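Trainee: Have a look at this one before I ask anything.
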Amino acid sequence: MFSFTPLLGAQSVSPASQSLLEFDGGIKVLIDVGWDENFDAENFKELEKHVPTISFILLTHATVAHIGAFAHCCKHIPKFKSIPVYATTPVTQLGRTLLQDMYASTPLARSVVPADALTQSAYSLGSNPNILMQAPTPEEIKTYFDLINDLKYSEARQPDTAENTPPLSQFTITAYSAGHTLGGTIWHLQHDMESVVYSVDWNQASERVLSGAGWFGEVGGEVTKELRQPTAMICSSRGTGPRITVGLDQRDGALINLIEQTIANGGSVLIPSDSSARVLELAHLLEKTWSEEHPDSPIRNAKVYLASRTIGATMKYTRSLLEWKLEKGIVEDSFDFKYVTLLERKSRVTKVLAQTEPRVILASDTSLEWGFSKDAVQSLASDPRNLIILTERVADLGGKHKSLGRYLWELWNGSDSPSRAEQDWTSIAPIRLSSHEASLRSANAAALEGQELQLYQQYLATQRQLQTTMQSDSSTLLEPSGAAGDTWSASTSTTSEDSDDEHQGRLLNTATILRHTRKKLGLSDEELGVKILVQRKNVYDWDVRGKRGEERVFPFMAKQRRADDFGEAIRLEDFPREEEPEAPRIDLKDGARKENEVGQKRKWEDVAVQAAGNGRQNKHQRTVSNGQGLNDGDDASDGEQEEDTDRIEGPSKVIFNTEELQLQCRIAFVDFSALHDLRIITNLLGLIQPRKLIIVAGDATETQILAKEARTAFAARVGESSKADEVFTPMVGDVVDASVDTNAWSVKLSRNMVRKLQWQKIGKLGVVAITGQLAAASLETPAEDDEGSAKKKAKMEITSTTENNKTNLTPILDVVPANLSIPVRSVGQAFHVGDMRLPDLRKYLQSAGMTADLAGGGALVVNGTVIVRINKATGTIEVDGGAYSLDKDAMTFYKVKRKVYEGLAVVAGG
Numbered sequence: 001m002f003s004f005t006p007l008l009g010a011q012s013v014s015p016a017s018q019s020l021l022e023f024d025g026g027i028k029v030l031i032d033v034g035w036d037e038n039f040d041a042e043n044f045k046e047l048e049k050h051v052p053t054i055s056f057i058l059l060t061h062a063t064v065a066h067i068g069a070f071a072h073c074c075k076h077i078p079k080f081k082s083i084p085v086y087a088t089t090p091v092t093q094l095g096r097t098l099l100q101d102m103y104a105s106t107p108l109a110r111s112v113v114p115a116d117a118l119t120q121s122a123y124s125l126g127s128n129p130n131i132l133m134q135a136p137t138p139e140e141i142k143t144y145f146d147l148i149n150d151l152k153y154s155e156a157r158q159p160d161t162a163e164n165t166p167p168l169s170q171f172t173i174t175a176y177s178a179g180h181t182l183g184g185t186i187w188h189l190q191h192d193m194e195s196v197v198y199s200v201d202w203n204q205a206s207e208r209v210l211s212g213a214g215w216f217g218e219v220g221g222e223v224t225k226e227l228r229q230p231t232a233m234i235c236s237s238r239g240t241g242p243r244i245t246v247g248l249d250q251r252d253g254a255l256i257n258l259i260e261q262t263i264a265n266g267g268s269v270l271i272p273s274d275s276s277a278r279v280l281e282l283a284h285l286l287e288k289t290w291s292e293e294h295p296d297s298p299i300r301n302a303k304v305y306l307a308s309r310t311i312g313a314t315m316k317y318t319r320s321l322l323e324w325k326l327e328k329g330i331v332e333d334s335f336d337f338k339y340v341t342l343l344e345r346k347s348r349v350t351k352v353l354a355q356t357e358p359r360v361i362l363a364s365d366t367s368l369e370w371g372f373s374k375d376a377v378q379s380l381a382s383d384p385r386n387l388i389i390l391t392e393r394v395a396d397l398g399g400k401h402k403s404l405g406r407y408l409w410e411l412w413n414g415s416d417s418p419s420r421a422e423q424d425w426t427s428i429a430p431i432r433l434s435s436h437e438a439s440l441r442s443a444n445a446a447a448l449e450g451q452e453l454q455l456y457q458q459y460l461a462t463q464r465q466l467q468t469t470m471q472s473d474s475s476t477l478l479e480p481s482g483a484a485g486d487t488w489s490a491s492t493s494t495t496s497e498d499s500d501d502e503h504q505g506r507l508l509n510t511a512t513i514l515r516h517t518r519k520k521l522g523l524s525d526e527e528l529g530v531k532i533l534v535q536r537k538n539v540y541d542w543d544v545r546g547k548r549g550e551e552r553v554f555p556f557m558a559k560q561r562r563a564d565d566f567g568e569a570i571r572l573e574d575f576p577r578e579e580e581p582e583a584p585r586i587d588l589k590d591g592a593r594k595e596n597e598v599g600q601k602r603k604w605e606d607v608a609v610q611a612a613g614n615g616r617q618n619k620h621q622r623t624v625s626n627g628q629g630l631n632d633g634d635d636a637s638d639g640e641q642e643e644d645t646d647r648i649e650g651p652s653k654v655i656f657n658t659e660e661l662q663l664q665c666r667i668a669f670v671d672f673s674a675l676h677d678l679r680i681i682t683n684l685l686g687l688i689q690p691r692k693l694i695i696v697a698g699d700a701t702e703t704q705i706l707a708k709e710a711r712t713a714f715a716a717r718v719g720e721s722s723k724a725d726e727v728f729t730p731m732v733g734d735v736v737d738a739s740v741d742t743n744a745w746s747v748k749l750s751r752n753m754v755r756k757l758q759w760q761k762i763g764k765l766g767v768v769a770i771t772g773q774l775a776a777a778s779l780e781t782p783a784e785d786d787e788g789s790a791k792k793k794a795k796m797e798i799t800s801t802t803e804n805n806k807t808n809l810t811p812i813l814d815v816v817p818a819n820l821s822i823p824v825r826s827v828g829q830a831f832h833v834g835d836m837r838l839p840d841l842r843k844y845l846q847s848a849g850m851t852a853d854l855a856g857g858g859a860l861v862v863n864g865t866v867i868v869r870i871n872k873a874t875g876t877i878e879v880d881g882g883a884y885s886l887d888k889d890a891m892t893f894y895k896v897k898r899k900v901y902e903g904l905a906v907v908a909g910g
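Under full-length UniProt numbering, the residues of the sequence shown are numbered 1 to 910, in order.
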């Protein structure tokens with residue numbers, strides 16, 4: 001059995017992707033934990049219901065649409081981070097930097113507490129105050145991604161299973177290249193007779209940095225054997241709608257031409273992109289173009305900047321992932337930029353935007369709602385000489401607010417530019433905006449005040465109690481904020497040396513909060529759970545009947561001493577250096593610092609001052625291959641503090657401000673999304689030949705266009721229109737039954753039957769023919785020499801069945817009695833089992849000393865006289881010897897037939 005349920009991303013304008021696959025035996029697999037720019041926590045209500053039963057998780061791409069909510073779910077959904085997760089190494093490493101950039105760029109990434117979670121509070125504020133959830137710290141994000149199991153391409157792996165989920169017997173997962181992003185994955189899942197291929201957002205063509213999708217093997221240009229004829233193929237439809245399809249050189253040439261024209265006119269160029277995926281292709285193109293241009297070229301006088309809060313770490317990981325890039329033309333130092341300057345601090349981005357000379361800025365994010373691209377568009381939009389180049393279609397997510405990226409896309413897509421009508425990408429002209437106003441929304445965090453803070457405390461108490469009830473691991477409790485009067489920090493790691501003390505402290509702290517708020521919340525003792533034992537006096541017992549998890553034990557954790565082979569572990573924080581005590585930094589009004597200030601080292605005149613300045617510079621700057629600092633190091637001496645000085649510590653809310661932005665610049669569109677189009681997927685379906693096709697990850701129009709073409713291809717292949725029903729287009733939440741069309745039953749083999757089996761090898765599989773009779777489990781005939789043990793086992797099975805009030809319905813397949821063996825044996829006939837492919841047969845014959853060449857029409861010519869064909873209609877192998885007269889030709893004919901039979905298993909009917 002195999003069923004598929006799209007949790008997000010099916011016939012939806014939202015690019016967020018979440019899919020649930022369920023196999024026989026209750027095995028559930030979650031693929032992707034995507035999000036969109038709205039960062040709405042309501043998207044995970046359905047996912048939370050399935051988390052306790054999910055066996056493992058697979059991740060496909062390091063983009064917000066596929067991995068953006070991973071840290072949020074680990075932080076806020078109980079038991080989520082205990083589920084095994086699998087991904088390729090680039091997806092793990094680049095996904096980490098992507099989420100750190102996202103949470104550092106916008107408070108909305110923390111997500112707003114759902115309104116219905118606050119309606120039951122005793123405090124009524126009249127309106128939703130947009131209270132923010134707790135954000136995972138960079139250390140927590142790193143911890144979550146360290147839990148991911150890394151895989152290589154074409155590496156079959158039997159995954160681990162989560163606690164209290166069914167065992168994964170004979171379940172294998174294999175990752176194949178999907179193109180589109182570095183480490184992007186097409187997943188193949190094999191379980192018993194079910195073979196599922198999950199391919200979302202893939203690109204068949206190879207690019208300058210990224211390789212194409214790994215559909216085809218190295219021999220004969222055929223589809224990889226493991227990916228052929230799957231039970232079901234789950235494919236995305238995004239990109240299959242009307243679009244301009246061009247080659248790699250045309251696409252890159254159009255982008256560079258637009259940049260050259262803008263710089264020649266004295267303008268600057270803004271290219272919004274993501275911060276970990278498609279930005280690699282764009283950055284490599286710009287670096288290569290600037291390095292190959294003549295020194296007198298006008299674009300060599302313009303600087304190129306790559307702006308993202310974690311771009312330094314992203315490029316560091318990219319340089320270490322050489323084996324995942326395209327094999328041709330990529331060298332180890334391809335991302336040691338000489339002409340592209342990396343910007344991570346907002347102060348540096350502000351200084352670059354204040355410049356007047358032409359420049360090219362590649363910044364995150366494509367929606368222009370967060371990231372440094374938002375700051376850049378505010379600075380560049382009012383100058384008619386400047387140009388904004390959109391590289392992806394920005395979705396319209398609905399709602400009251402439309403992102404600026406979507407607004408610009410609609411302006412470009414709705415224009416009637418002659419160059420667009422002619423689809424001439426080599427000389428495409430941007431459209432000029434005049435008298436256009438756009439609403440630019442800013443999301444800023446602000447501290448909670450008054451009843452808002454009390455409302456947030458009650459929400460935390462309720463959520464903490466919910467998590468305590470659902471899981472036994474108290475270390476994952478939500479951490480109250482320091483602004484609520486707690487005595488411990490929310491950023492304390494659970495892996496510290498004193499973790500036992502922290503667990504106990506959190507437990508008592510939880511009880512303290514509940515004790516003060518239980519009346520306002522209206523919670524009873526039963527709702528408070530076992531924590532009543534530590535918050536009420538003279539209570540020493542608790543009814544544990546019917547309770548589970550922590551509810552069955554007294555809430556007490558004994559203090560344990562941490563020790564290793566050398567004795568008790570030493571806590572370094574108990575032994576600080578005397579000359580470096582922990583003390584807050586005090587800044588004077590004139591920007592200077594006291595020379596003998598407590599907690600500061602003494603300065604030795606100008607040399608010490610310079611050394612301190614250089615130390616600060618080295619801490620915050622990212623270097624490029626020429627050894628110079630960012631922006632040639634001219635910002636290092638200004639003594640600026642780290643950015644995010646307006647960051648709110650503790651409970652906070654989000655406040656939206658809207659300003660009108662005057663658009664006088666020009667806009668253009670060059671498609672750098674690198675997704676498959678309708679022609680490619682239609683041709684590939686005929687080669688893969690899936691039994692069933694499930695279409696997800698696209699809007700309703702794209703889904704219906706692909707479904708129509710797929711049904712036509714299915715009907716042409718099988719020659720009947722009834723097979724058109726094998727194409728499914730589910731909505732979000734719909735359950736699709738895509739099981740294989742076979743009749744299979746489970747039986748047990750008797751001991752006598754097992755002893756008589758004679759296996760034949762076909763590749764990695766074993767084949768044997770069985771003739772026997774079925775009998776009920778209680779009628780199994782035990783072996784004579786094992787009569788005692790068989791009776792004992794039967795007695796134990798009967799006892800177990802009686803205790804559980806269940807009946808074993810699995811039948812027993814036993815040997816045929818002697819009086820029936822002769823008639824049954826006369827009915828069976830020998831038959832051949834196996835899959836013979838001409839490229840494999842060619843290698844087999846060549847190893848035997850014969851010459852074999854593939855000819856047109858799917859034929860194999862052996863020694864120039866014998867032709868081997870495979871009849872696709874019947875599936876039989878035809879060996880034609882022709883009109884031969886020489887004995888050696890006749891010997892070739894018989895040798896070929898013998899080799900064909902050796903490649904198959906001859907299974908006897910008796």
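Ideal placement from N, C-alpha and C gives every residue a C-beta, glycine not left out.
Given the structure is predicted, the values throughout are model-derived calculations rather than measurements.
Just the C-alpha distance for Thr810 and Gly25, rounded to the nearest angstrom, thanks.
Mentor: In the sequence shown, the residue the question calls residue 810 occupies position 810. In the sequence shown, the residue the question calls residue 25 occupies position 25. Taking the straight line joining both Cα atoms gives about 15 Å.
Trainee: Considering only the beta carbon of each residue, do Val352 and Ala313 sit closer than 9 Å?
Mentor: To locate residue 352, count along the sequence shown from 1; it is residue 352. To locate residue 313, count along the sequence shown from 1; it is residue 313. Not in contact: Val352 and Ala313 (Cβ atoms no closer than 9 Å).
Trainee: Would you report the Cα separation of Lys225 and Val33, rounded to the nearest angstrom?
Mentor: Here residue 225 is taken as the residue at index 225 of the sequence shown, counted from 1. Here residue 33 is taken as the residue at index 33 of the sequence shown, counted from 1. Each residue's Cα considered, the two are about 29 Å apart.
Trainee: Using only alpha-carbon positions, find the residue among Arg228, Pro114 and Ile570 that is nearest to Leu684.
Mentor: Position 684 of the sequence shown, counted from the start, is the residue given in the question as residue 684. With distances taken between Cα atoms, Leu684 lies closest to Arg228.
Trainee: Roughly how many angstroms separate the alpha carbons of Thr714 and Arg691, rounded to a whole number?
Mentor: Taking the sequence shown and counting its residues from 1, the one referred to as residue 714 is at position 714. Taking the sequence shown and counting its residues from 1, the one referred to as residue 691 is at position 691. According to the sequence provided, residue 714 is Phe. The question's Thr does not apply to it. Phe714 and Arg691: Cα-Cα distance of roughly 9 Å.
Trainee: Residues bridged to Glu659 by DSSP?
Mentor: Within the sequence shown, numbered from 1, the residue matching residue 659 stands at position 659. Beta-bridge pairing links Glu659 to Leu440.
Trainee: If contact is defined by three or more beta carbon pairs under 8 Å, each pair taking one atom from either stretch, is the region 365 to 379 in contact with the region 267 to 276?
Mentor: Output reads yes: the region 365 to 379 touches the region 267 to 276.
Trainee: Alpha carbon to alpha carbon, how far is Trp542 from Ala443? Give it in angstroms, no decimals.
Mentor: Position 443 of the sequence shown, counted from the first residue, corresponds to residue 443. Position 542 of the sequence shown, counted from the first residue, corresponds to residue 542. Taking the straight line from one Cα to the other gives about 47 Å.
Trainee: Here's the rule: buried if 16 or more other CB atoms are within 10 angstroms of the residue's CB, otherwise exposed. What is Gly95?
Mentor: In the sequence shown, residue 95 corresponds to position 95, counting from 1. Answer is buried; the Cβ neighbour count reaches 16.
Trainee: Quick one: complete alpha helix (DSSP H) runs, 4+ long, within the region 243 to 314?
Mentor: Counting whole runs of 4 or more residues, the region 243 to 314 contains the alpha helix (DSSP H) stretches 248 to 264 and 279 to 292.
Trainee: Using the Cα positions of Arg319 and Leu860, report the straight-line distance between them to the nearest angstrom.
Mentor: Residue 319 sits at position 319 when you count from the first residue of the sequence shown. Residue 860 sits at position 860 when you count from the first residue of the sequence shown. Using only the alpha carbons, I get a separation of about 45 Å.
Trainee: What separation, rounded to the nearest whole angstrom, lies between the Cα atoms of Asn128 and Glu222?
Mentor: The sequence position of residue 128 within the sequence shown is 128, counting from 1. The sequence position of residue 222 within the sequence shown is 222, counting from 1. Whole-angstrom Cα-Cα distance: 58 Å.
Trainee: Are the Cβ atoms of Ser237 and Leu706 separated by less than 9 Å?
Mentor: Against the sequence shown, residue 237 aligns to sequence position 237. Against the sequence shown, residue 706 aligns to sequence position 706. Contact: yes.
Trainee: Measure the beta-carbon distance from Leu151 to Leu182 and round it to whole angstroms, keeping in mind my assumption that it falls under 8 Å.
Mentor: Here residue 151 corresponds to residue number 151 of the sequence shown, with the count starting at 1. Here residue 182 corresponds to residue number 182 of the sequence shown, with the count starting at 1. About 14 Å separates the two Cβ atoms, so there is no contact after all.
Trainee: Alpha carbons only, please: which of Ser195, Val196 and Gly214 is nearest the one belonging to Asn203?
Mentor: Looking up residue 203 in the sequence shown gives position 203. That would be Gly214, whose Cα lies nearest to the Cα of Asn203.
Trainee: With which residues is Val197 paired in a DSSP beta bridge?
Mentor: As a working mapping, residue 197 is identified with position 197 in the sequence shown. Its beta-bridge partners are His188 and Met233.
Trainee: Confirm, please, whether the CB-CB distance from Ala438 to Leu390 is below 9 Å.
Mentor: Reading the sequence shown from its first residue, position 390 is the one you call residue 390. Reading the sequence shown from its first residue, position 438 is the one you call residue 438. Contact: no.
Trainee: State whether the region 249 to 266 contacts the region 664 to 676, with contact taken as three or more CB pairs (one from each stretch) at a distance under 8 Å.
Mentor: They touch, by the three-pair rule.
Trainee: Among Gln170, Leu663 and Arg552, whose alpha-carbon lies nearest the alpha-carbon of Ala195?
Mentor: For this step, residue 195 is matched to residue 195 along the sequence shown. The sequence as given places Ser at residue 195; Ala does not occur at that position. When each option's Cα is compared against that of Ser195, the closest is Gln170.
Trainee: Measuring alpha carbon to alpha carbon, tell me which residue in Ala135, Ala775 and Gly733 is nearest Lys653.
Mentor: In the sequence shown, residue 653 corresponds to position 653, counting from 1. Nearest C-alpha to Lys653: Ala135.
Trainee: Would you kindly work out how many angstroms separate the C-alpha atoms of Asp192 and Ser746, rounded to a whole number?
Mentor: Locating residue 192 in the sequence shown gives position 192, counting from the first residue. Locating residue 746 in the sequence shown gives position 746, counting from the first residue. Their backbone Cα atoms lie some 12 Å apart in a straight line.
Trainee: Is Lys303 closer than 9 Å to Val360 when the C-beta atoms are compared?
Mentor: To locate residue 360, count along the sequence shown from 1; it is residue 360. To locate residue 303, count along the sequence shown from 1; it is residue 303. In contact: Val360 and Lys303 (Cβ atoms closer than 9 Å).
Trainee: First and last residue of the beta strand (DSSP E) that includes Leu845?
Mentor: For the purposes of this step, residue 845 is taken as residue 845 along the sequence shown, with counting starting at 1. That residue, Leu845, is in no beta strand (DSSP E); its alpha helix (DSSP H) goes Leu838 to Ser847.
Trainee: Would you report the Cα separation of Thr185 and Ala205, rounded to the nearest angstrom?
Mentor: Residue mapping note: residue 185 aligns to position 185 of the sequence shown, counting from 1. Residue mapping note: residue 205 aligns to position 205 of the sequence shown, counting from 1. Between Thr185 and Ala205, the C-alpha separation is close to 15 Å.
Trainee: Can you give the Cα-Cα distance for Ser291 and Gly212, rounded to whole angstroms?
Mentor: Taking the sequence shown and counting its residues from 1, one reaches residue 291 at position 291. Taking the sequence shown and counting its residues from 1, one reaches residue 212 at position 212. So the two alpha carbons sit approximately 26 Å from each other.
Trainee: Under 9 Å, do Ile31 and Ser17 count as touching if we go by C-beta distance?
Mentor: Numbered from 1 along the sequence shown, position 31 holds the residue referred to as residue 31. Numbered from 1 along the sequence shown, position 17 holds the residue referred to as residue 17. Yes; because the gap between Cβ atoms is below 9 Å, this pair is in contact.
Trainee: Please state if the CB of Trp324 and the CB of Pro90 are separated by a distance shorter than 9 Å.
Mentor: The count along the sequence shown starts at 1 and reaches residue 90 at position 90. The count along the sequence shown starts at 1 and reaches residue 324 at position 324. The answer is yes: Cβ separation under 9 Å.
Trainee: Using DSSP with H/G/I as helix, E/B as strand and the rest coil, what is Tyr339?
Mentor: What you label residue 339 is simply residue 339 of the sequence shown in a count that begins at 1. The answer is coil: DSSP assigns Tyr339 none of H, G, I, E or B.
Trainee: Quick check: Thr60 and Asp201, are their CB atoms within less than 9 Å of each other?
Mentor: On the sequence shown, position 60 is the one that residue 60 refers to. On the sequence shown, position 201 is the one that residue 201 refers to. In this structure, Asp201 lies closer than 9 Å to Thr60 by Cβ.
Trainee: Would you say Phe4 and Val732 are within 9 Å of each other, going by their C-beta atoms?
Mentor: Counted from its first residue, the sequence shown places residue 4 at position 4. Counted from its first residue, the sequence shown places residue 732 at position 732. Against a cut-off of 9 Å, the Cβ pair of Val732 and Phe4 comes out as no contact.
Trainee: State the Cα-Cα distance for the pair Val879 and Gln758, rounded to the nearest angstrom.
Mentor: Counting from one through the sequence shown, the residue named residue 879 turns up at place 879. Counting from one through the sequence shown, the residue named residue 758 turns up at place 758. Rounded to the nearest angstrom, the two C-alpha atoms are 29 Å apart.
Trainee: Considering only the alpha carbon of each residue, which of Asp699, Asp737, Arg898 and Pro78 lies closest to Pro242?
Mentor: For the purposes of this step, residue 242 is taken as residue 242 along the sequence shown, with counting starting at 1. The option with the nearest alpha carbon to Pro242 is Asp699.
Trainee: What do you get for Ile695, buried or exposed, if any count of 16 or more other CB atoms within 10 angstroms of its CB means buried?
Mentor: What you label residue 695 is simply residue 695 of the sequence shown in a count that begins at 1. Buried.
Trainee: Is the distance from the Cβ of Leu693 to the Cβ of Ala41 below 9 Å?
Mentor: Within the sequence shown, residue 693 is the residue found at index 693, counting from 1. Within the sequence shown, residue 41 is the residue found at index 41, counting from 1. Going by C-beta atoms, Leu693 is not nearer than 9 Å to Ala41.
Trainee: For Leu20, I'd like the list of residues in its chain whose CB is within less than 7 Å of its CB, leaving aside the five on either flank, ordered along the chain.
Mentor: Taking the first residue of the sequence shown as 1, we reach residue 20 at position 20. Within the same chain, Leu20 has close Cβ partners Thr5, Leu7, Lys28, Leu30 and His50.
Trainee: Quick one, which of Ala283, Glu357 and Thr851 has its alpha-carbon nearest Thr262's?
Mentor: Looking up residue 262 in the sequence shown gives position 262. With distances taken between Cα atoms, Thr262 lies closest to Glu357.
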